[in-house]
Amino acid sequence: MIAHRLANLPPSASALRRAFTFLEVMIVVVIIGILAAIVIPQFGSATQDARASSLKANLGGIRASIAGYRANAVLAGTPPYPTLNQLTTPNTVVQGDFPPNPYNGLNTVQLVSLTQANSRSVVSPQSYGWNYYVDNSAIPPAAIFYANASDPAGTNASGNALNANEH
573 MIAHRLANLP PSASALRRAF TFLEVMIVVV IIGILAAIVI PQFGSATQDA
623 RASSLKANLG GIRASIAGYR ANAVLAGTPP YPTLNQLTTP NTVVQGDFPP
673 NPYNGLNTVQ LVSLTQANSR SVVSPQSYGW NYYVDNSAIP PAAIFYANAS
723 DPAGTNASGN ALNANEH
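Have a look at this one:
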């Protein structure tokens, strides 16, 4: 009975002053929406930058491993560049497992032709993460290693856009 009487009492003036008006709530919602519209695209750009950085790091590591293999092979008098099998066998050229291409998540490598390698063609990107051209019988011997993806991946020193396969 007492609770019923208290529930029927009119709200005090101080309780009304503490509540937010509908307009105040809507202003806060609009401000949060504007902030979200500004911040969320920056996270998308950060993701793209992280992928491009990961790609460059992976390419640098693999190419450095190929160069190290070449230096040892030249000193030993053997063919200078690793075959596909040697390149993809753990701890033969690359230490540990072959890194995945950050754009398609695949760590598989396929051989491509000289024409494909020179034009940085993307071939079967759903099956292979990396492309490798090697010809130890050419004079001079040649090897080209690149990403098997054409996603946007940063810019060059001149500020021109580059795709993943162009690094």
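Under the working numbering, the first residue of the sequence shown is numbered 573, with each subsequent residue one higher. Every residue, glycine too, gets a C-beta built ideally from N, C-alpha and C.
- DSSP places Gln667 in the coil class of the three-state scheme, outside both helix and strand.
- Proximity of the region 712 to 723 to the region 631 to 647 meets the contact definition, three or more beta-carbon pairs being nearer than 8 angstroms.
- Uninterrupted alpha helix (DSSP H) stretches at least 4 residues long and entirely within the region 591 to 665 occur at 594 to 648, 656 to 660, given in chain order.
- Of all alpha-carbon atoms in Ile606, Thr655, Arg623, the one lying nearest the alpha-carbon of Asn703 is that of Thr655.
- With 16 or more other Cβ atoms from the protein chains shown falling within 10 Å of its own Cβ, Arg623 counts as buried.
- With fewer than 16 other beta carbons inside 10 angstroms of its own, Asn663 counts as exposed.
- Inclusion of Pro672 and Gly640 in the CB contact set at 8 angstroms is not warranted, their separation being larger than that value.
- The beta carbons of Tyr705 and Ala725 sit no closer together than 8 angstroms.
- Thr680 carries a coil assignment under DSSP once its states are collapsed to helix, strand and coil.
- Contact between Tyr653 and Pro712 is absent: CB atoms are separated by about 10 angstroms, not below the 8 angstroms threshold.
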